[in-house]
Amino acid sequence: EPEVTQTPSHQVTQMGQEVILRCVPISNHLYFYWYRQILGQKVEFLVSFYNNEISEKSEIFDDQFSVERPDGSNFTLKIRSTKLEDSAMYFCASSENRNNSPLHFGNGTRLTVT
Amino acid sequence: GQQVMQIPQYQHVQEGEDFTTYCNSSTTLSNIQWYKQRPGGHPVFLIQLVKSGEVKKQKRLTFQFGEAKKNSSLHITATQTTDVGTYFCAGSNAGGTSYGKLTFGQGTILTVHP
């Protein structure tokens, strides 16, 4: 069964550094998302992306965050200047080409900011 | 903004006992989805409910969507140790154009004692 893949599985960075989290969505999916989950808490929406542009973003997704689809397969989340509170599990997800279809999540990248 | 509340936060049962988790939204939903997250894993889609009053079954799991499309429940009959994990409901706003923006509940952590 096709799956969403994320790299790296764990990223440790110092406060103020830039990080890029990478994702390869399922190949025939057209909608891409980033969610995050602070340890032990609920899954929170960050951003949705369709047709090479952001469809919607949450209040968490401030100017320090950006997303990009640099080629036909990768989907990246960049945090320009990490803060301690950015430490979380970041999940990439994708869905088929229709509204409100189920999300397929990747295994996540655990980001630790020290 | 939309809030999705889920109770209980924790549920510990003996194997063979039933389990129910409840989900309530502050706003009317277009649909509700349920996900299961195993410890250390990522959310995995279980089911989507769309119609008012809808009931769906998957083996020992029964999902319901309320008549007002503001609440939902997941019931597991005769739990097994493989049911261990966190169960999340996630709702999508009615009348919106949210491409996959799901608001997750806090989740119910289910542990099953053999």
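Residue numbers (the numbering used here), protein chains in the order written: chain Z, 1 to 114; chain G, 115 to 228. No residue lacks a Cβ here, since even glycine has one placed at the ideal position from N, Cα and C.
- Closest by C-alpha distance to Z:Glu-53, out of Z:Tyr-31, Z:Gln-64, Z:Phe-45 and Z:Gln-37, is Z:Tyr-31.
- Close CB contacts of Z:Ser-58 within its chain, under the 8 Å cut and outside five residues either way in sequence, are with Glu-44, Phe-45, Leu-46 and Val-47 (chain order).
- In this structure the region 6–14 of chain Z does not lie against the region 64–78 of chain Z, because fewer than three pairs of beta carbons, one per stretch, are closer than 8 Å.
- At least 8 Å separates the beta-carbon of G:Thr-141 from that of G:Gln-162.
- Per DSSP, reduced to three states, the secondary structure at G:Leu-216 is coil, with no helix or strand assignment.
- Under the DSSP assignment, G:Ser-139 falls in the beta strand (DSSP E) whose first and last residues are 133–139.
- For G:Thr-200, the number of other beta carbons within 10 angstroms of its own is at least 16, and it is reported as buried.
- The beta-carbon distance between G:Val-226 and G:Val-127, rounded to whole angstroms, is 6 Å. This is short enough to meet the 8 Å contact definition.
- Excluding sequence positions up to five before and after G:Pro-228, its CB lies within less than 7 Å of the CB of Glu-129 and Thr-195, all in the same chain and listed in chain order.
- Note that the C-beta distance between Z:Leu-103 and Z:Tyr-90 is not below 8 Å.
- Per DSSP, Z:Leu-84 lies in no beta strand (DSSP E) segment and is marked neither H nor E.
- In this model, G:Phe-218 and Z:Thr-114 are separated by some 28 Å (Cα to Cα).
- G:Phe-177: member of the beta strand (DSSP E) spanning 175–179, first to last residue.
- Comparing alpha-carbon positions, the option among Z:Val-12, Z:Trp-34, Z:Ser-27 and Z:Gly-16 lying closest to Z:Asn-107 turns out to be Z:Trp-34.
- Z:Thr-112 sits in a strand when the DSSP states are folded into three classes.
- Z:Met-15 and Z:Ala-88 have their C-alpha atoms roughly 14 Å apart.
- Note on G:Ser-139: 16 or more other CB atoms within 10 angstroms of its CB, so buried under the neighbour-count rule.
- Close to Z:His-10, with beta-carbon spacing below 7 Å, lies no residue of chain G; the smallest spacing is near 12 Å.
- Annotated three-state conformation of Z:Thr-76 is strand, per DSSP.
- Note on G:Tyr-124: under 16 other CB atoms within 10 angstroms of its CB, so exposed under the neighbour-count rule.
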